[in-house]
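What follows is a single structure, written as structure tokens, with notes after it.
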Amino acid sequence: MSHHFRLVISCPDKKGIVAAVSGFINTLGGSIIEANQFNDPQNDYFFMRYVIDATSMGLTADEFRRVFEPVAQDYAMEWRVTDTAELPRVLLMVSKLDHTLKELLYRWKSGDMQYIIPCVISNHDDLREYVEWHGIEYYHVPVPKDDEGKAEAFAKTAEIIDKHQPDTIVLARYMQILPPWMCERYKHQVINIHHSFLPSFMGAKPYHQAAVRGVKLTGATCHYVTEELDAGPIIEQDVIRISHHDTVEEMVRRGKYVENEVLATGLRYHLEDRVLVHGNKTIVFN
28 MSHHFRLVIS CPDKKGIVAA VSGFINTLGG SIIEANQFND PQNDYFFMRY
78 VIDATSMGLT ADEFRRVFEP VAQDYAMEWR VTDTAELPRV LLMVSKLDHT
128 LKELLYRWKS GDMQYIIPCV ISNHDDLREY VEWHGIEYYH VPVPKDDEGK
178 AEAFAKTAEI IDKHQPDTIV LARYMQILPP WMCERYKHQV INIHHSFLPS
228 FMGAKPYHQA AVRGVKLTGA TCHYVTEELD AGPIIEQDVI RISHHDTVEE
278 MVRRGKYVEN EVLATGLRYH LEDRVLVHGN KTIVFN
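If you count the sequence shown from 1, position 100 lands on 127 in our numbering, and the numbers rise without skipping.
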């Protein structure tokens with residue numbers, strides 16, 4: 028595999044940002060192999076994603092971060108550097124439905140997407156055998172309905188998460204609402220798949236809501252989890268066309284395919300540092 032650094036930047040817009048960053052990389056002998064930029068005129072904000080040939084500079088990622096810091100300070104940048112030699116750790120959380128879990132495990136096992144799965148956490152024990160067949164550790168953490176029981180369950184879940192130190196947490200149809208403190212602790216690390224074209228039909232049973240409303244399009248949304256239910260920054264969406272002939276069961280069946288693709292695509296964009304969050308919006312360099 029090629030060895031790259033990904034440099035992602037967001038900052039107030041001003042003249043000279045591209046020249047400063049590109050010139051700095053040039054002084055290091057670096058070769059830029061992919062470049063994306065976007066200026067948001069409404070907020071006067073600038074966004075950038077560079078992919079750099081790591082072998083062209085002779086620096087480690089930490090060394091690059093250290094020498095780039097003065098440039099970042101000059102332009103008040105929020106920035107990060109990712110080293111593609113270090114595979115991201117993706118922790119999966121599920122309930123009973125298995126289609127999005129199977130999609131992500133297939134893409135992991137086939138090498139279609141490069142990441143490490145340290146474990147799977149579920150509030151049910153139904154998928155243990157399937158997950159452990161893949162050689163992945165499985166944690167069953169039941170979530171009771173009462174407030175005290177829920178609090179204990181999510182405290183235990185957070186202990187497991189912190190033990191395994193994931194870079195990203197994916198709610199692959201994990202049918203529980205994370206408490207606000209977890210949303211804040213893992214801000215912009217938790218990705219959810221919601222089975223509707225948000226902001227339409229938030230909350231429970233969106234296919235049923237869509238059937239009652241008689242819409243002609245429904246779909247799926249991959250988004251970051253925030254304290255506000257199904258309202259976090261959107262990463263990826265897609266739709267399917269439906270009609271009055273379609274029962275709820277048929278909508279659910281057809282919807283699984285779009286859920287799988289939207290979640291996998293959204294996760295890929297996130298892991299490849301193509302998603303920059305600004306407020307409650309995203310810039311996606313796809």
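For every residue, glycine included, the Cβ atom is placed at its ideal position computed from N, Cα and C.
Quick caveat: nothing in here was measured; it's all calculated off a predicted structure.
Under DSSP, the alpha helix (DSSP H) around residue i begins and ends at which residues?
| i | result |
| --- | --- |
| residue 282 | 275–298 |
| residue 145 | That residue, residue 145, is in no alpha helix (DSSP H); it is neither H nor E in DSSP. |
| residue 133 | 126–137 |
| residue 73 | No alpha helix (DSSP H) holds residue 73; the beta strand (DSSP E) holding it covers 72–80. |
| residue 251 | Not the alpha helix (DSSP H): residue 251 falls in the beta strand (DSSP E), residues 244–251. |
| residue 44 | 44–54 |
| residue 234 | 233–240 |
| residue 158 | 155–160 |
Could you give the C-beta distance for residue i and residue j, rounded to a whole number, given that I count them as a contact under 8 Å?
| i | j | result |
| --- | --- | --- |
| residue 126 | residue 283 | 5 Å |
| residue 215 | residue 145 | At roughly 19 Å, the Cβ-Cβ gap does not stay under 8 Å, so residue 215 and residue 145 are not in contact. |
| residue 29 | residue 74 | Residue 29 to residue 74, Cβ: 24 Å. No contact. |
| residue 123 | residue 161 | Not confirmed; about 18 Å, so no contact. |
| residue 33 | residue 109 | 4 Å |
Which residues mark the beginning and the end of the beta strand (DSSP E) in which residue i is found?
| i | result |
| --- | --- |
| residue 301 | Careful: residue 301 lies outside any beta strand (DSSP E) and carries neither H nor E. |
| residue 215 | From DSSP, residue 215 is part of no beta strand (DSSP E); its letter is neither H nor E. |
| residue 36 | 31–39 |
| residue 58 | 58–67 |
| residue 263 | 261–268 |
| residue 191 | Here residue 191 belongs to no beta strand (DSSP E); instead the alpha helix (DSSP H) covers 174–191. |
Got a sec? Which residues, its chain only, sit under 7 Å from residue i by beta carbon, not counting five neighbours each side?
| i | result |
| --- | --- |
| residue 311 | 262, 296, 301, 302 |
| residue 107 | 35 |
If you check the beta carbons only, do residue i and residue j fall under 8 Å apart?
| i | j | result |
| --- | --- | --- |
| residue 220 | residue 245 | no |
| residue 60 | residue 35 | no |
| residue 195 | residue 218 | yes |
| residue 57 | residue 80 | yes |
| residue 193 | residue 116 | yes |
| residue 169 | residue 185 | no |
| residue 231 | residue 278 | no |
| residue 307 | residue 260 | yes |
| residue 206 | residue 103 | no |
For residue i, which residues in the same chain have their Cβ closer than 8 Å to its Cβ, ignoring the five residues on either side in sequence?
| i | result |
| --- | --- |
| residue 264 | 224, 225, 246, 247, 248, 249, 289 |
| residue 229 | 221, 223, 256, 257, 258 |
| residue 14 | Any question about residue 14 goes unanswered here, given that the chain covers just 28 to 313. |
| residue 86 | 55, 94 |
Look at the alpha carbon of residue i and the alpha carbon of residue j, and state the distance between them as a whole number of angstroms.
| i | j | result |
| --- | --- | --- |
| residue 188 | residue 201 | 15 Å |
| residue 147 | residue 285 | 22 Å |
| residue 235 | residue 280 | 13 Å |
| residue 54 | residue 120 | 44 Å |
| residue 163 | residue 48 | 41 Å |
| residue 177 | residue 155 | 21 Å |
| residue 305 | residue 137 | 33 Å |
| residue 182 | residue 52 | 44 Å |
| residue 158 | residue 298 | 22 Å |
| residue 46 | residue 251 | 32 Å |
| residue 291 | residue 131 | 7 Å |
| residue 273 | residue 294 | 30 Å |
| residue 44 | residue 88 | 21 Å |
| residue 76 | residue 242 | 38 Å |
| residue 101 | residue 240 | 52 Å |
| residue 209 | residue 41 | 36 Å |
| residue 275 | residue 287 | 18 Å |
| residue 105 | residue 84 | 23 Å |
Please confirm whether any heavy atom of the ligand MG lies closer than 7 Å to the CB of residue i.
| i | result |
| --- | --- |
| residue 169 | The ligand content of the structure shown is nil, which means the ligand MG is not present either. |
Might you give, ordered along the chain, the residues of its own chain that have their beta carbon closer than 6 Å to the beta carbon of residue i, omitting 5 neighbours on each side?
| i | result |
| --- | --- |
| residue 141 | 114 |
| residue 31 | 78, 81, 111 |
| residue 65 | 74, 310 |
| residue 97 | none |
From the beta carbon of residue i, is the nearest beta carbon of chain B less than 8 Å away?
| i | result |
| --- | --- |
| residue 233 | Absence of chain B from the displayed structure is noted, only one protein chain being present. |
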